[in-house]
């Protein structure tokens, strides 16, 4: 039997301007919400901006405005409503009952995009956990959100039938997902310890979504990671080795892109992936140099880094897409950010200079030690194997002679074993 394609969904957007972010105008908020909506595969039927100092506890925008929304969305032929702010479960239900359409908030929209872009087991687990945690308080009287069997935006991931079972089963699934993610986190920790033992320098790519991090990873390492001109095209972290001249081994990791006002629940759900940011030796903050609001996007990234507790971690700003700039604009950026790298992942322009910057950062962080450990202190030799890369190991009448490469902040306890007449060197 021939299948009948569902008509494409069309959303009416509600942007609530609460003046919470001085650098973000209502026009900025509208443009980003439109971009997110289209990334989810939904058309934009129309949009309205509502100035409001504080949300109405029942409907967020007030009863009169809801009636206006009902009329405007119907006239525009919308099939759902999307809010720029996070709604409480009761606000969402009340809005659906009055407007007669499904209502989605910003968190639900981003979750839908995440569900489309998760490919690895860990990514899918994290998305599913975030979806259940988001949907659990919305199960009772969920209304029009789950009235259609055809699914659609906001219904990806856990199916309708699963979401209509009792809360205890949902909670048990959340517990199971949490345990499984804890196991995955332990595997990640094992991999990190292995990197430590091999004296690896860990570099993590961070940046606003769609800044070109995956393209840069591909250019530097030949990783072959999926590259799309979409928000959140990369959801799963990817690590690849980067071989540089006169440098210790480098592992480069790509991570999920950040976004303005990233929902706290999503930061928590993706904690195991974002742990790559915490354990990195240096961060490459990739910036879309062609974006007209790059300073605002940079500030949003720094805000998320602060939430992760890594705002003070060594960081190199990398301005990507410089092939799209004229010489005047590029020169202004060079003057404003003198310590930054300027590259084009698409043409390869500036990649050599970036590789040199990474090599310098690695050399500054890693040290090579020449040590003599008495035989009576065999436990020290074991610790050296655990915390660094043993390049050479010999034995004489004085003890075990080792040449070890390790992170500078790990080297302190072993300074007393330094071989006389031989200084520590940068790796």
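Residue numbers (our numbering): 2 to 428. Idealized CB from N, CA, C, for every residue including glycine.
Q: Report the three-state DSSP secondary structure of residue 113 (helix, strand or coil).
A: helix
Q. Smallest Cα separation from residue 315: which of 334, 335 and 358?
A. 358
Q) Can you give the Cα-Cα distance for residue 323 and residue 335, rounded to whole angstroms? A) 11 Å
(Q) According to DSSP, is residue 211 part of a helix, a strand, or is it coil? (A) coil
Q.
Once the 5 residues before and after residue 122 are set aside, which same chain residues still bring their CB inside 8 Å of it?
A. 185
Q | Secondary structure, beta strand (DSSP E): runs of 3+ residues fully inside the segment 268–303 | A | Entirely contained in the segment 268–303, the beta strand (DSSP E) runs reaching 3 residues are, in chain order, 283–289.
Q: Return the bridge partner residues of residue 203 from the DSSP annotation.
A: 252
Q) When you compare only the Cα positions, how much space is there between residue 333 and residue 343? A) 12 Å
Q) How close, in whole Å, do the beta carbons of residue 381 and residue 418 come, if the pair is a contact with beta carbons under 8 Å? A) 7 Å
Q) Nearest-angstrom Cα distance between residue 269 and residue 180? A) 15 Å
Q | First through last residue of the beta strand (DSSP E) which encompasses residue 29 | A | Element bounds for residue 29: not the beta strand (DSSP E) but the alpha helix (DSSP H), 27–40.
Q) What is the DSSP secondary structure of residue 55, counted as helix, strand or coil? A) coil
Q: Count the other C-beta atoms from every protein chain shown that fall within 10 angstroms of the C-beta of residue 15, then say buried if there are 16 or more, exposed otherwise.
A: Residue burial is scored here from C-beta neighbours: residue 15 has at least 16 other C-beta atoms within 10 angstroms and is therefore classed as buried.
Q) Around the Cβ of residue 46, are there at least 16 other Cβ atoms within 10 angstroms (buried) or fewer (exposed)? A) buried
Q: Take residue 38 as the anchor and find which of 112, 387 and 241 has the nearest alpha-carbon.
A: 112
Q. Going by beta carbon distance, what residues of the same chain come within less than 7 Å of residue 95, once the five residues before and after it are set aside?
A. 59 and 60
Q) Between residue 1 and residue 108, what straight-line distance do the alpha-carbon atoms span, to the nearest angstrom? A) Nothing about residue 1 can be read from this structure; the chain reaches only from 2 to 428.
Q. Based on Cα-Cα distance, which residue from 285, 135, 139 and 130 lies nearest to residue 203?
A. Closest by C-alpha distance to residue 203, out of 285, 135, 139 and 130, is 285.
Q: Determine the extent of the beta strand (DSSP E) in which residue 82 is found, giving its start and end residues.
A: 81–84
Q.
Using the three-state DSSP reduction, which class does residue 376 fall into: helix, strand or coil?
A. helix
Q.
Need the endpoints of the beta strand (DSSP E) that residue 345 sits in, please.
A. Unbroken run through residue 345: none, as it is neither H nor E.
Q | Test item: CB-CB of residue 102 and residue 83 under 8 Å | A | If you check the CB distance, residue 102 and residue 83 do not come in under 8 Å.
Q. In the DSSP assignment, what residue or residues form a beta bridge with residue 395?
A. 402
Q: Taking all protein chains shown into account, decide if residue 350 is buried (16 or more other Cβ within 10 angstroms of its Cβ) or exposed.
A: Of the other Cβ atoms in all chains shown, fewer than 16 fall within 10 Å of the Cβ of residue 350; this residue is therefore exposed.
Q | Same chain, Cβ closer than 6 Å to residue 3, neighbours up to 5 away in sequence not counted | A | Confidence in residue 3 is poor, its pLDDT being 41 and thus under 50, which makes the residue's placement unreliable; the coordinate value appears in the next sentence. For residue 3, same chain residues with a beta-carbon under 6 Å away, outside a window of 5 residues either side, do not exist.
(Q) By DSSP's criteria, residue 419 is part of a beta bridge. Which residues make up the other side? (A) Residue 419 is bridged to 372.
Q.
Report the CB separation of residue 318 from residue 288 in whole angstroms; it is logged as a contact under 8 Å.
A. 6 Å
Q: Pull up the CB-CB distance for residue 320 and residue 300, whole angstroms please, since I reckon it's below 8 Å.
A: So it is not a contact: roughly 15 Å between Cβ atoms.
Q: Work out the CA separation of residue 104 and residue 280 for me, nearest whole Å.
A: Roughly 39 Å separates the two Cα atoms.
Q: Keeping to the same chain, check which residues put their C-beta closer than 8 Å to that of residue 35; ignore five residues upstream and five downstream.
A: 14, 45 and 48.
Q) Between residue 19 and residue 56, what straight-line distance do the alpha-carbon atoms span, to the nearest angstrom? A) Approximately 9 Å, taken between the alpha carbons.
Q | Assumed close pair residue 247, residue 360 - CB separation to whole angstroms, cut-off 8 Å | A | 6 Å
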